[in-house]
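The structure under discussion appears below in the form of structure tokens.
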Amino acid sequence: MEDADNIQLALWMEGYEQIKAISLGMDLILLSPLEGDGIRRAYEGNKKWWERWFSTVKPWRPDILPNGRRIWVRLFGVPLHIWGWDGFNSLIWRFGRLLNLDPETSNQTRFDVARAQVAITQWEMVD
2 MEDADNIQLA
12 LWMEGYEQIK
22 AISLGMDLIL
32 LSPLEGDGIR
42 RAYEGNKKWW
52 ERWFSTVKPW
62 RPDILPNGRR
72 IWVRLFGVPL
82 HIWGWDGFNS
92 LIWRFGRLLN
102 LDPETSNQTR
112 FDVARAQVAI
122 TQWEMVD
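Residue 2 is where the sequence shown starts when you use our numbering, and the numbers rise one by one after that.
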């Protein structure tokens, strides 16, 4: 989500207010025009700028899928002696990559549940 927000801000700063950036997963951003072929015209008018932000720009198709997704998980019963980034990373590495901890978890203001943002590559439910 953060990437889409950064790209949206860059689009606005470049004058592309008519284009909306939406995160589709870990490595994909959907650019949605408010009018017709606005993205194609913008891209053709300033390719160098677009190539700084995107590895490729191509029309969306149903078969284009991201390589993974970001999810938030709640962890219950975590022992206090492993509470912290390294401890949570040692729990999470088995199914994904630790990206972020919520403020209550990182500030250690709540110990009954930890919340972590994780990058995963599978699409099945994580439980």
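Built from N, CA and C at the ideal position, the CB exists for glycine as well.
Thinking just about the alpha-carbon of each residue, which of the options is nearest to the one in residue i?
{"i": "SER107", "options": "TRP94, VAL58 and GLN118", "result": "GLN118"}
{"i": "GLU15", "options": "ARG53, ASP87 and ASP28", "result": "ARG53"}
{"i": "TRP51", "options": "ALA11, ARG95 and ASP4", "result": "ALA11"}
Using the C-alpha atoms, what's the distance from residue j back to residue i?
{"i": "ILE30", "j": "ALA115", "result": "29 Å"}
{"i": "LEU92", "j": "VAL58", "result": "37 Å"}
{"i": "ARG111", "j": "PHE89", "result": "15 Å"}
{"i": "ILE83", "j": "ASN101", "result": "16 Å"}
{"i": "ARG75", "j": "ASP28", "result": "24 Å"}
{"i": "GLY46", "j": "ILE8", "result": "18 Å"}
{"i": "LEU32", "j": "ASP64", "result": "16 Å"}
{"i": "TRP86", "j": "TRP73", "result": "15 Å"}
Helix, strand or coil for residue i? Go by DSSP, reduced to three states.
{"i": "ALA115", "result": "strand"}
{"i": "LEU25", "result": "coil"}
{"i": "PRO34", "result": "strand"}
{"i": "ASN108", "result": "coil"}
{"i": "ILE65", "result": "coil"}
{"i": "ARG75", "result": "strand"}
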